[in-house]
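Read the structure below first, then the notes.
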Amino acid sequence: MSEIKRSCSSCLRLFLSLALMSAIASFGAPRITEFMAANDSALADENGEFSDWIEIHNPDTTPISLAGYFLTENATNLHKWTFPTVTLNPGAYWVVFASGKNRADPAGQLHTDFQLSADGIARTPSARSDGTGVPVRVFQKARASRAGRTCHYVWLPCRARFIAG
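Residue numbering for the sequence shown follows the working numbering, beginning at 987 and increasing consecutively.
This is how it looks when you write it as structure tokens:
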């Protein structure tokens, strides 16, 4: 029980970015739909370890290549981890583990070269690599339970806006 309380109380701040090299359209762009910054029992990776994770969704009706997209937990380094050449099919979801293992083999599970920090404000800056704007996604804390597993806290997007870069 104290482990759950510790996980829940530490889920206050997370910086996470999804950036791309080309312009971001208002539709058709992949979205971060969930992430877990204190995974202690929800989803194991291929090594049986409970690393933090980020879920990417393609809400469009056409496939999206994730080549040229980036993930980061550091607002000053928006190109920290680059997606390999993988395609996200229409309506599909992709889980990327934020384990620090740095695995980018499209045939296996993807792992970022960083781990998530679950101690602060839940806000996700993302930027285009051309520096013309920064789409900011603010995430709201929510409790979730799915398919027989309980996620102590899941972060769901509640709004998105562009600010000058």
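All C-beta atoms, glycine included, are put in the ideal place defined by N, C-alpha and C.
Taking 8 angstroms as the cut-off, does the segment 1081-1088 touch the segment 1034-1044 (at least 3 CB pairs, one atom from each stretch)? yes
Just to confirm, are Val1072 and Pro1092 a CB contact at a threshold of 7 angstroms? yes
Whose CA, out of Ala1028, Ile1042, Glu1032 and Glu1020, lies closest to the CA of Gly1094? Glu1032
Suppose contacts are defined by Cβ-Cβ distances below 7 angstroms. Is His1043 in contact with Thr1019 by that definition? It is a contact, given that the beta carbons lie within the stated cut-off.
Coarse secondary structure for Val1081, derived from DSSP in three states: strand
Inspect the beta-carbon positions of Leu1074 and Pro1016 and report whether they are closer than 7 angstroms. In this structure, Pro1016 lies closer than 7 angstroms to Leu1074 by Cβ.
C-alpha gap between Asp1099 and Lys1066, whole angstroms: 8 angstroms
What do you reckon, are the CB atoms on Phe1069 and Tyr1079 nearer than 7 angstroms? no
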